[in-house]
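Note that the protein sequences, when read in sequence, are chains A and B. Following this note's numbering from start to finish, the first sequence increments by one per residue and tops out at 330. Following this note's numbering from start to finish, the second sequence increments by one per residue and tops out at 205. For each residue, glycine too, the CB sits at the ideal point set by N, CA and C. Reading through the structure tokens given below for one structure.
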Amino acid sequence: MPKVTIDNITIDVEEGTTILNAARKIGGRIVPPAMCYYSKLKGSGGKCRTCLVKVAQSSAKDPRPMPKLVASCSTPVQDGMVVQNLTSPEVAEARKGIVEFLLLNHPLDCPVCDQAGECDLQDLSFGYGMEETATEDDRREFPVIDIGDKIKLHMNRCILCYRCVYVADQLTDKRLHGILYRGDVSEISTFIGNAVTNDFSGNMIDVCPVGALTDKTARFKSRVWFLKPMDAHRACGKCPGKVAIWMFGNEIYRVTGRKDQFGEVEEFICNECRFEKKEPGDWVIEGPRHIKRQSVISANHYEEMKKQSIIDPIAGEMNKQE
Amino acid sequence: MKSLTNRSKVVSNKQMTFWERIYFPAILNGMRITFGHLFRRKATVQYPEATREFSDIYRGKHVLKRDDEGRERCTSCGLCAVACPAEAITMVSAERKPGEEHLYREEKYAAVYEINMLRCIFCGDCEEACPKEAIFLTKELVKSEYQREKFIYGKDELVESPDPAKRVDVSKRQTKEVLEFKKDKRYKHNK
Ligand code: SF4
Ligand code: SF4
Ligand code: SF4
Ligand code: FES
Numbered sequence: 009m010p011k012v013t014i015d016n017i018t019i020d021v022e023e024g025t026t027i028l029n030a031a032r033k034i035g036g037r038i039v040p041p042a043m044c045y046y047s048k049l050k051g052s053g054g055k056c057r058t059c060l061v062k063v064a065q066s067s068a069k070d071p072r073p074m075p076k077l078v079a080s081c082s083t084p085v086q087d088g089m090v091v092q093n094l095t096s097p098e099v100a101e102a103r104k105g106i107v108e109f110l111l112l113n114h115p116l117d118c119p120v121c122d123q124a125g126e127c128d129l130q131d132l133s134f135g136y137g138m139e140e141t142a143t144e145d146d147r148r149e150f151p152v153i154d155i156g157d158k159i160k161l162h163m164n165r166c167i168l169c170y171r172c173v174y175v176a177d178q179l180t181d182k183r184l185h186g187i188l189y190r191g192d193v194s195e196i197s198t199f200i201g202n203a204v205t206n207d208f209s210g211n212m213i214d215v216c217p218v219g220a221l222t223d224k225t226a227r228f229k230s231r232v233w234f235l236k237p238m239d240a241h242r243a244c245g246k247c248p249g250k251v252a253i254w255m256f257g258n259e260i261y262r263v264t265g266r267k268d269q270f271g272e273v274e275e276f277i278c279n280e281c282r283f284e285k286k287e288p289g290d291w292v293i294e295g296p297r298h299i300k301r302q303s304v305i306s307a308n309h310y311e312e313m314k315k316q317s318i319i320d321p322i323a324g325e326m327n328k329q330e
Numbered sequence: 015m016k017s018l019t020n021r022s023k024v025v026s027n028k029q030m031t032f033w034e035r036i037y038f039p040a041i042l043n044g045m046r047i048t049f050g051h052l053f054r055r056k057a058t059v060q061y062p063e064a065t066r067e068f069s070d071i072y073r074g075k076h077v078l079k080r081d082d083e084g085r086e087r088c089t090s091c092g093l094c095a096v097a098c099p100a101e102a103i104t105m106v107s108a109e110r111k112p113g114e115e116h117l118y119r120e121e122k123y124a125a126v127y128e129i130n131m132l133r134c135i136f137c138g139d140c141e142e143a144c145p146k147e148a149i150f151l152t153k154e155l156v157k158s159e160y161q162r163e164k165f166i167y168g169k170d171e172l173v174e175s176p177d178p179a180k181r182v183d184v185s186k187r188q189t190k191e192v193l194e195f196k197k198d199k200r201y202k203h204n205k
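Listed below in structure tokens is the structure:
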């Protein structure tokens, strides 16, 4: 099994694993951010360059560094490879440039956008971005359109990661939307205004890293940080039925897939669960979802307290001595 | 044990002297201090006939601003509500319909916006948080009322009048940097 070293941490991984997945196996802060790669969508990745890393040593046989930074989501590891992510100033610099490019056409409308608070691009620009933009050109502008009666498309916000296209391709039986045109004028569109109606199309809302595709049934209802995310499930014939519901008091405002630590849904859910089951009686509620302390959503969010507090073992020791 | 701070006093039970026992000098001294105060400047004013001068950045009642064209600036982003330490702000958002562009600046607006003035501690965190230059505190005071419900101010109390003569000037509350930034027409915010 190839041995790879990422930011001075060595790990053995399967043949053919990408650098990104090897880093995810190690976990923690050394995992490069990814805006277009989605482990559950075949063929995704390689579009956004957010995941660039430096390969300081190509392999045990060939100790030369790779001449350029490589996209970690689509570069397989080789035995003896040495990778730098956080430890390389070059990578930090490059990522700053990438964020600037991703924001070239992205409007600054987080106050309006329903994705704000759980948006990968927000996190990324907070971590790596600059305050200023270097360009003077106007951003691209598109009208806001409905694709189907349940999904809103804000093409202004799209970063062309292609994830939604892979969802349409791989999850739904009939692909109805894709990317039209090329380069600076490319845009997501449905086939001549066709509605996207099949059972799993709602998942494109979850995979979209920005607020380009949003849930119309929850549109402008509240901001994510005022809602309480709960794990819930129901018996569903079409999908596993394991979801996160977002509650305001006793009302369910929104249903989404359960996102893991890398922002990917654990299981894709069907449109019936996502859009139609908004009564608390429809769901068996398991309890509050775990939200990272750093997230704005964790404000006023209480999870079950650990039974054993941190001082319990110490108290035990002290009792013994008496 | 010796005191660490050296501030402790040892209590003594000493006898008063003759002068201390007749009390007269102490009473005279007390009266001198009292009369002395009659001729000092007063610390109070006769409100409401007289009012104090307010600082330009006094934090009183809030105003929800309109932009130069009279459109409401607030986009119901909820940042003021999440910043508010007193949980005084609530709002309900709505989507702007075609034809309402002259009323609301953004696609989303606050259909209901309420501040509970009894909860508010006038800290100004809401105006600090607002990305749209929509909410500001003003020099105006919150009026007294007989019913608690009257202190929940809705949009009717908060949004400023579209009449240009009645606009609330908040430029003195903004830093030099902000005023400078507002001249930069590259940003949509300033258009
Ligand atoms: S709409 Fe979202 S998921 Fe689709 S390409 Fe654009 S950013 Fe990616
Ligand atoms: S001034 Fe402070 S307490 Fe009052 S509404 Fe604003 S943030 Fe809340
Ligand atoms: S007043 Fe400002 S911070 Fe508050 S909701 Fe409106 S735009 Fe957002
Ligand atoms: S995540 Fe690797 S290029 Fe986008």
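Chain-ordered neighbours of residue i on chain A, where CB pairs are closer than 8 Å
i      : result
T89/B  : P119, V120
A108/B : F228
DSSP-derived helix/strand/coil call for residue i
i      : result
N43/B  : helix
H203/B : helix
H162/A : coil
D70/B  : coil
M212/A : helix
W291/A : coil
G156/A : coil
P97/A  : helix
I277/A : coil
G186/A : strand
Q329/A : Here the model assigns Q329/A a pLDDT of 49, short of 50, so the residue's position is not dependable and the matter cannot be decided.
S175/B : coil
V106/B : strand
V90/A  : strand
Y136/A : helix
F256/A : strand
E141/B : helix
Y45/A  : coil
K157/B : coil
D223/A : strand
L52/B  : helix
R171/A : helix
L78/B  : strand
Close-in-space but distant-in-sequence residues of the same chain around residue i (CB under 7 Å, 5 per side omitted)
i      : result
W33/B  : P39
S90/B  : M105, S107, K122, Y123, A124
E154/B : G74, K75
C127/A : V218, G219
F234/A : F256
P288/A : N258, I260
Option in the options with minimal Cα separation from residue i
i      : options                       : result
M163/A : C172/A, I153/A, C169/A        : I153/A
V126/B : Y201/B, K169/B, R110/B        : K169/B
G125/A : V232/A, D239/A, N258/A, R57/A : V232/A
E144/A : K190/B, E114/B, R200/B, L93/B : R200/B
G265/A : D117/A, S209/A, L116/A        : S209/A
R181/B : Y72/B, T189/B, L78/B, C94/B   : L78/B
H185/A : I159/A, P71/A, G191/A         : I159/A
R171/A : S67/A, A31/A, N211/A, S133/A  : N211/A
L28/A  : Q65/A, M89/A, A79/A           : A79/A
Q92/A  : N113/A, P296/A, K62/A, V12/A  : K62/A
9 Å Cβ cut-off: residues of chain A touching residue i
i     : result
R66/B : Within 9 Å Cβ-Cβ: nothing; R66/B doesn't reach chain A, min ~36 Å.
L52/B : Here the premise fails: no neighbours, minimum Cβ distance about 55 Å.
Cross-chain neighbours of residue i in chain B, by beta carbon under 9 Å
i      : result
E144/A : R200
Cβ shell of residue i (< 6 Å), same chain only, five flanking positions each side left out
i      : result
C56/A  : M43, C44, C169
C244/A : C281
C121/A : G219
F223/B : Outside the shown range of chain B (15 to 205) lies residue 223/B, about which nothing can therefore be said.
Y215/B : This structure does not reach residue 215/B, given that chain B is present from 15 up to 205, and the question cannot be answered.
Within chain A, partners of residue i - CB distance below 7 Å
i      : result
K145/B : It is Pro, not Lys, that sits at residue 145/B in the sequence shown. Those are P119, listed as they occur along chain A.
Listed by chain order, chain B residues near residue i by CB distance under 8 Å
i      : result
V304/A : V96
W233/A : G92, V96
A307/A : V96
Cut-off 8 Å between Cβ atoms - residues of its own chain near residue i, not counting five sequence neighbours on either side
i      : result
V59/B  : T65, R66
E108/A : G137, M138, T141, A142
Q178/A : L49, K50
W291/A : A240, H241, R242, V251, I253, I260, K285
CB contact check: residue i to chain D, cutoff 8 Å
i      : result
E121/B : Considering every chain present, this structure includes no chain D. Its protein chains are A and B.
Those residues which DSSP pairs with residue i across a bridge
i      : result
K11/A  : D20/A
M198/A : Just to set this straight, residue 198/A is Thr in the shown sequence, not Met. Paired residues: H185/A.
V251/A : A240/A
I166/B : N130/B
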